[in-house]
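Enquirer:
Protein chains: 4
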Amino acid sequence: MNADGLQAYLVTEFPQAFGSGRPHRVVRVDAAGVSLTLEASEEHLRPGDTVSGPSMMGLADIAAYAAILAAIGPVPLAVTTNFSINFLRKPPPGLLVADARLMKLGKRLAVCEVGLRPPNEGGDPFAVTGAEELCAHAVTTYSIPA
Amino acid sequence: MNADGLQAYLVTEFPQAFGSGRPHRVVRVDAAGVSLTLEASEEHLRPGDTVSGPSMMGLADIAAYAAILAAIGPVPLAVTTNFSINFLRKPPPGLLVADARLMKLGKRLAVCEVGLRPPNEGGDPFAVTGAEELCAHAVTTYSIPA
Amino acid sequence: MNADGLQAYLVTEFPQAFGSGRPHRVVRVDAAGVSLTLEASEEHLRPGDTVSGPSMMGLADIAAYAAILAAIGPVPLAVTTNFSINFLRKPPPGLLVADARLMKLGKRLAVCEVGLRPPNEGGDPFAVTGAEELCAHAVTTYSIPA
Amino acid sequence: MNADGLQAYLVTEFPQAFGSGRPHRVVRVDAAGVSLTLEASEEHLRPGDTVSGPSMMGLADIAAYAAILAAIGPVPLAVTTNFSINFLRKPPPGLLVADARLMKLGKRLAVCEVGLRPPNEGGDPFAVTGAEELCAHAVTTYSIPA
Numbered sequence: 048m049n050a051d052g053l054q055a056y057l058v059t060e061f062p063q064a065f066g067s068g069r070p071h072r073v074v075r076v077d078a079a080g081v082s083l084t085l086e087a088s089e090e091h092l093r094p095g096d097t098v099s100g101p102s103m104m105g106l107a108d109i110a111a112y113a114a115i116l117a118a119i120g121p122v123p124l125a126v127t128t129n130f131s132i133n134f135l136r137k138p139p140p141g142l143l144v145a146d147a148r149l150m151k152l153g154k155r156l157a158v159c160e161v162g163l164r165p166p167n168e169g170g171d172p173f174a175v176t177g178a179e180e181l182c183a184h185a186v187t188t189y190s191i192p193a
Numbered sequence: 048m049n050a051d052g053l054q055a056y057l058v059t060e061f062p063q064a065f066g067s068g069r070p071h072r073v074v075r076v077d078a079a080g081v082s083l084t085l086e087a088s089e090e091h092l093r094p095g096d097t098v099s100g101p102s103m104m105g106l107a108d109i110a111a112y113a114a115i116l117a118a119i120g121p122v123p124l125a126v127t128t129n130f131s132i133n134f135l136r137k138p139p140p141g142l143l144v145a146d147a148r149l150m151k152l153g154k155r156l157a158v159c160e161v162g163l164r165p166p167n168e169g170g171d172p173f174a175v176t177g178a179e180e181l182c183a184h185a186v187t188t189y190s191i192p193a
Numbered sequence: 048m049n050a051d052g053l054q055a056y057l058v059t060e061f062p063q064a065f066g067s068g069r070p071h072r073v074v075r076v077d078a079a080g081v082s083l084t085l086e087a088s089e090e091h092l093r094p095g096d097t098v099s100g101p102s103m104m105g106l107a108d109i110a111a112y113a114a115i116l117a118a119i120g121p122v123p124l125a126v127t128t129n130f131s132i133n134f135l136r137k138p139p140p141g142l143l144v145a146d147a148r149l150m151k152l153g154k155r156l157a158v159c160e161v162g163l164r165p166p167n168e169g170g171d172p173f174a175v176t177g178a179e180e181l182c183a184h185a186v187t188t189y190s191i192p193a
Numbered sequence: 048m049n050a051d052g053l054q055a056y057l058v059t060e061f062p063q064a065f066g067s068g069r070p071h072r073v074v075r076v077d078a079a080g081v082s083l084t085l086e087a088s089e090e091h092l093r094p095g096d097t098v099s100g101p102s103m104m105g106l107a108d109i110a111a112y113a114a115i116l117a118a119i120g121p122v123p124l125a126v127t128t129n130f131s132i133n134f135l136r137k138p139p140p141g142l143l144v145a146d147a148r149l150m151k152l153g154k155r156l157a158v159c160e161v162g163l164r165p166p167n168e169g170g171d172p173f174a175v176t177g178a179e180e181l182c183a184h185a186v187t188t189y190s191i192p193a
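Chains as they are written, first to last, in our numbering: chain C, 48 to 193; chain H, 48 to 193; chain L, 48 to 193; chain P, 48 to 193.
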């Protein structure tokens, strides 16, 4: 599946996150993983007027879900078993990007690393350069149904 | 602050989570910690028609925030630095309860344990009996501003 | 298996941790879980002359392993998939106790909570009172071989 | 400090991990971080004759400690507050390498990512190529004393 194909699949399968009016979008699918964006609005903020922890955790978890489906095909009932995140820097206003990379894909478990960061200034805003200053870093384990 | 007082403070300070029409409510504040509820609706579900990981993570993180404010008073700019959660059992339909207990409250960091579970059948639905079968278990660290 | 039986099994099966001269011992096995002790010596210290993080992480992980074996019988090839720990308070000198409690025991995964603390003053040093001030709190997931 | 200098400092400051006869060694210090090795022997194994979880957790934690000292100089009383690890693949026999990279270095907290993997076949065994198949992946937070 390419980015448009995965987006279309998720709009149908997971409308709460990707459907009409919802703020998540798939922007990259390749051999290295996937990238998603969150267009944060008032509902995603917290005291201090910054994107809330739950909004960032949701973006990271959903990005991992998308990365797993991109790798193994439409298995929508894969579920998170463990999720861990460190918040490193306050995200700047504007779009937030989540880059998800599978560290391990087994028959029963998939482990995914997700970095949250602003878009790149100049060039491809969603390319993963390796030089990103992350706002947050998460690792999550998904259970793949038999 | 008692439950009503903390709820009123959070409605003003964190309307995105507690304001009119939002699904979180403080139901218990005592020396042992706080309990919150999430009234899940369609927006909180995921494929498989169960409460989504992000919705549960948000509830746990917000419960920890409430527990810290109940303990140290109105310091709304306390921020999550680390959050870790294990999903143990699929939550049943209906209200979800989060019981938050401070494991450590220092000058710079607070560490909070949060259990997510359905309300108790019979008696006080929100009392913490110690015999809860948890849907999820989280531990989160908050940084307390100087 | 009772405490002596589990200890004897582990001396044979996991001599690196429980064999002659090694510092771990099973002190409690009951329906609520297991407790182990670590008798820390010079090799377990770090700069600042306190028990090192690795020594405490090892104790917590080994206690979870013991709790799982106590629950499901001799399945020595259960392996850790995920381990997370928060260090809360500097441990006092002397024996360190690890109380391990299974939060979930499934066919494929077991999730165990472990609290590290000094022995109780007075009464049964290893009883779990619920009022322990923890030095550290860990949650670990073990994969159970098919 | 270069690798030899950091190694010499740690031999004195943290003999339990780096002293004579101990199995850890600093092999790389540069702007990107540090790499350490663990020469596993019988004492580091577990049932199944593979390097134990505690041995790998110790290596990861010690690598993070070394990375922080390499970055901020001799502050030996930096302590771990949080440690989280996912075990991905059984490590092959032989030397195990830990590559530690600081994700954030603040005044109060440092967050470090550590990948554990076998040495590279061919070329520089300890160079970080980005193509490593990790045995384990850890993220740890250290508190830096005022």
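Quick reminder that beta carbons are idealized off the backbone N, C-alpha and C, glycines included.
State buried or exposed for Ile115 (chain P), treating a residue as buried only when at least 16 other CB atoms are found within 10 Å of its CB.
Expert: The residue given as residue 115 (chain P) occupies position 68 in the fourth sequence. Buried, by the Cβ-count rule.
Enquirer: Does Met150 (chain L) have its Cβ less than 8 Å from a Cβ in chain P?
Expert: As a position in the third sequence, residue 150 (chain L) is number 103, starting the count at 1. It does not; no Cβ of chain P falls within 8 Å.
Enquirer: Can you give me the C-alpha to C-alpha distance between Thr59 (chain P) and Gly66 (chain P), rounded to a whole angstrom?
Expert: As a first step, residue 59 (chain P) is located in the fourth sequence; it is residue number 12 there, counting from the start. As a first step, residue 66 (chain P) is located in the fourth sequence; it is residue number 19 there, counting from the start. Roughly 7 Å separates the two Cα atoms.
Enquirer: Name the chain C residues whose beta carbon is nearer than 7 Å to that of Ser131 (chain L)?
Expert: Here residue 131 (chain L) is taken as the residue at index 84 of the third sequence, counted from 1. Here the neighbours are Ser131.
Enquirer: Find the nearest neighbour of Thr127 (chain P) within the set L:Ala117, L:Gly95 and L:Ser190, judged by alpha-carbon distance.
Expert: Indexing the fourth sequence from 1 puts residue 127 (chain P) at position 80. Nearest of L:Ala117, L:Gly95 and L:Ser190 to Thr127 (chain P), Cα basis: L:Gly95.
Enquirer: Using CA atoms only, rank isn't needed, just tell me which of H:Ala174, H:Arg93, H:Arg72 and H:Met48 is closest to Leu85 (chain H).
Expert: Taking the first residue of the second sequence as 1, we reach residue 85 (chain H) at position 38. Here the closest residue by C-alpha is H:Arg72.
Enquirer: Could you confirm whether any beta carbon from chain P is found closer than 8 Å to the beta carbon of Pro120 (chain L)?
Expert: Your numbering for residue 120 (chain L) matches position 73 in the third sequence. Just to set this straight, residue 120 (chain L) is Gly in the shown sequence, not Pro. Gly120 (chain L) does not count as touching chain P.
Enquirer: Is the CB-CB distance between Thr187 (chain C) and Asn129 (chain C) below 8 Å?
Expert: As a working note, residue 187 (chain C) is residue 140 in the first sequence. As a working note, residue 129 (chain C) is residue 82 in the first sequence. Yes; because the gap between Cβ atoms is below 8 Å, this pair is in contact.
Enquirer: Put Met150 (chain L) into one of helix, strand or coil per three-state DSSP.
Expert: Mapped onto the third sequence, residue 150 (chain L) falls at position 103. Correct three-state label for Met150 (chain L): strand.
Enquirer: Residues of the stretch 146 to 177 of chain C with a CB closer than 8 Å to any CB of chain L: list them in chain order, please.
Expert: Arg155 and Leu156
Enquirer: So, does the CB of Thr128 (chain P) fall closer than 8 Å to a CB anywhere in chain H?
Expert: Against the fourth sequence, residue 128 (chain P) aligns to sequence position 81. Taking Cβ atoms only, chain H reaches closer than 8 Å to Thr128 (chain P), which makes this a yes.
Enquirer: Please report the distance separating the alpha-carbon of Gly100 (chain P) from that of Met104 (chain C).
Expert: In the fourth sequence, counting from the first residue as 1, residue 100 (chain P) sits at position 53. In the first sequence, counting from the first residue as 1, residue 104 (chain C) sits at position 57. Near 27 Å, if we compare the C-alpha coordinates of Met104 (chain C) and Gly100 (chain P).
Enquirer: Output yes or no for whether 8 Å exceeds the beta carbon distance between Leu135 (chain C) and His184 (chain C).
Expert: Working through the first sequence from its first residue, we reach residue 135 (chain C) at position 88. Working through the first sequence from its first residue, we reach residue 184 (chain C) at position 137. Yes, Cβ-Cβ distance for Leu135 (chain C) and His184 (chain C) is below 8 Å.
Enquirer: Closest to Phe173 (chain P) by CA distance: which of P:Pro139, P:Asn49 and P:Asp146 is it?
Expert: What you label residue 173 (chain P) is simply residue 126 of the fourth sequence in a count that begins at 1. Measuring from the Cα of Phe173 (chain P), the nearest candidate turns out to be P:Asp146.
Enquirer: In whole angstroms, give me the CA-to-CA distance for Pro139 (chain L) and Thr97 (chain L).
Expert: Position 92 of the third sequence, counted from the start, is the residue given in the question as residue 139 (chain L). Position 50 of the third sequence, counted from the start, is the residue given in the question as residue 97 (chain L). Distance from the CA atom of Pro139 (chain L) to the CA atom of Thr97 (chain L), rounded to whole angstroms, is 8 Å.
Enquirer: Going by DSSP, what residue range makes up the beta strand (DSSP E) through Glu160 (chain H)?
Expert: The count along the second sequence starts at 1 and reaches residue 160 (chain H) at position 113. Looking at the DSSP string, the run of the beta strand (DSSP E) that includes Glu160 (chain H) is Leu156 to Arg164.
Enquirer: For Leu124 (chain L), is the classification buried or exposed, using 16 other Cβ atoms within 10 angstroms of its Cβ as the cut-off for buried?
Expert: In the third sequence, counting from the first residue as 1, residue 124 (chain L) sits at position 77. So Leu124 (chain L) ends up on the exposed side.
Enquirer: State yes or no: is the C-beta of Pro70 (chain C) within less than 8 Å of the C-beta of Ser88 (chain C)?
Expert: Counted from its first residue, the first sequence places residue 70 (chain C) at position 23. Counted from its first residue, the first sequence places residue 88 (chain C) at position 41. Judged by their CB atoms, Pro70 (chain C) and Ser88 (chain C) are nearer to each other than the 8 Å cut-off.
Enquirer: By how many angstroms is the C-alpha of Gly162 (chain C) removed from the C-alpha of Glu160 (chain H)?
Expert: Locating residue 160 (chain H) in the second sequence gives position 113, where the first residue counts as 1. Locating residue 162 (chain C) in the first sequence gives position 115, where the first residue counts as 1. Glu160 (chain H) and Gly162 (chain C): Cα-Cα distance of roughly 25 Å.
Enquirer: What distance in whole Å lies between the Cβ atoms of Leu181 (chain L) and Met150 (chain H), which are believed to be in contact at a cut-off of 8 Å?
Expert: On the second sequence, position 103 is the one that residue 150 (chain H) refers to. On the third sequence, position 134 is the one that residue 181 (chain L) refers to. Yes, Met150 (chain H) and Leu181 (chain L) are in contact; Cβ-Cβ is about 6 Å, under 8 Å.
Enquirer: So Thr188 (chain P) contacts chain H; which residues on that side make the cut at Cβ distance below 9 Å?
Expert: Locating residue 188 (chain P) in the fourth sequence gives position 141, counting from the first residue. Thr128, Asn129 and Thr188, listed in chain order.
Enquirer: Could you check where the beta strand (DSSP E) with Phe130 (chain C) kicks off and where it finishes?
Expert: Position 83 of the first sequence, counted from the first residue, corresponds to residue 130 (chain C). Element bounds for Phe130 (chain C): Val126 to Phe134.
Enquirer: Spatial neighbours of Val74 (chain P) within its chain, please: C-beta separation below 7 Å, excluding the five flanking residues on both sides.
Expert: Stepping through the fourth sequence from its first residue, residue 74 (chain P) is reached at position 27. For Val74 (chain P), where only same-chain residues beyond five positions count, the Cβ hits under 7 Å are Ala50, Ser82, Leu83, Thr84 and Phe173.
Enquirer: Which residues of chain B have a Cβ atom closer than 7 Å to the Cβ of Phe61 (chain H), listed in chain order?
Expert: No chain B is present in this structure, whose protein chains are C, H, L and P.
Enquirer: Would you call the CB atoms of Ile191 (chain H) and Leu143 (chain H) closer than 8 Å?
Expert: Reading the second sequence from its first residue, position 144 is the one you call residue 191 (chain H). Reading the second sequence from its first residue, position 96 is the one you call residue 143 (chain H). No, they are not a contact pair.
Enquirer: Within the continuous alpha helix (DSSP H) that includes Lys181 (chain L), where are the two ends?
Expert: Reading the third sequence from its first residue, position 134 is the one you call residue 181 (chain L). Position check: residue 181 (chain L) holds Leu in this sequence, whereas Lys was assumed. Careful: Leu181 (chain L) lies outside any alpha helix (DSSP H) and carries neither H nor E.
Enquirer: Quick check on the DSSP output: the beta strand (DSSP E) that includes Leu85 (chain C) runs from which residue to which?
Expert: Position 38 of the first sequence, counting from 1, holds the residue named residue 85 (chain C). Note, Leu85 (chain C): beta strand (DSSP E), Gly80 to Leu85.
Enquirer: Alpha carbons only, please: which of H:Phe61, H:Ala79 and H:Arg93 is nearest the one belonging to Asp108 (chain H)?
Expert: Against the second sequence, residue 108 (chain H) aligns to sequence position 61. If you compare the alpha carbons of H:Phe61, H:Ala79 and H:Arg93 with that of Asp108 (chain H), the shortest gap goes to H:Phe61.
Enquirer: Going along the chain, which residues of its own chain have a beta-carbon closer than 8 Å to the beta-carbon of Leu53 (chain C), five neighbours each way excluded?
Expert: The count along the first sequence starts at 1 and reaches residue 53 (chain C) at position 6. Only Val73, Val76, Val81, Ala113, Leu116 and Ala117 meet the Cβ criterion.
Enquirer: How far does the beta strand (DSSP E) with Val58 (chain H) in it extend, from its first residue to its last?
Expert: For this step, residue 58 (chain H) is matched to residue 11 along the second sequence. Counting along the chain, Val58 (chain H) falls outside any beta strand (DSSP E), though it belongs to the alpha helix (DSSP H) covering Ala50 to Glu60.
Enquirer: When the cut-off is 8 Å and only beta carbons count, does Glu179 (chain P) lie next to chain L?
Expert: Numbered from 1 along the fourth sequence, position 132 holds the residue referred to as residue 179 (chain P). Output row for Glu179 (chain P): interface = no.
Enquirer: Run through DSSP, which three-state label would Asp77 (chain P) get?
Expert: In the fourth sequence, the residue the question calls residue 77 (chain P) occupies position 30. Of the three classes helix, strand and coil, the one that applies to Asp77 (chain P) here is strand, per DSSP.
Enquirer: Would you please verify whether the beta carbon of Leu135 (chain H) is less than 8 Å from any beta carbon of chain L?
Expert: As a working mapping, residue 135 (chain H) is identified with position 88 in the second sequence. Cβ-Cβ to chain L under 8 Å: yes for Leu135 (chain H).
Enquirer: Check distances from the C-beta atoms of the stretch 57 to 85 of chain C to those of chain P and list, in chain order, the residues that come in under 7 Å.
Expert: none
Enquirer: Let me confirm a value: Ala111 (chain H) is counted as buried when at least 16 other C-beta atoms fall within 10 Å, else exposed. Which label applies?
Expert: For the purposes of this step, residue 111 (chain H) is taken as the residue at position 64 of the second sequence. Flag for Ala111 (chain H) reads buried.
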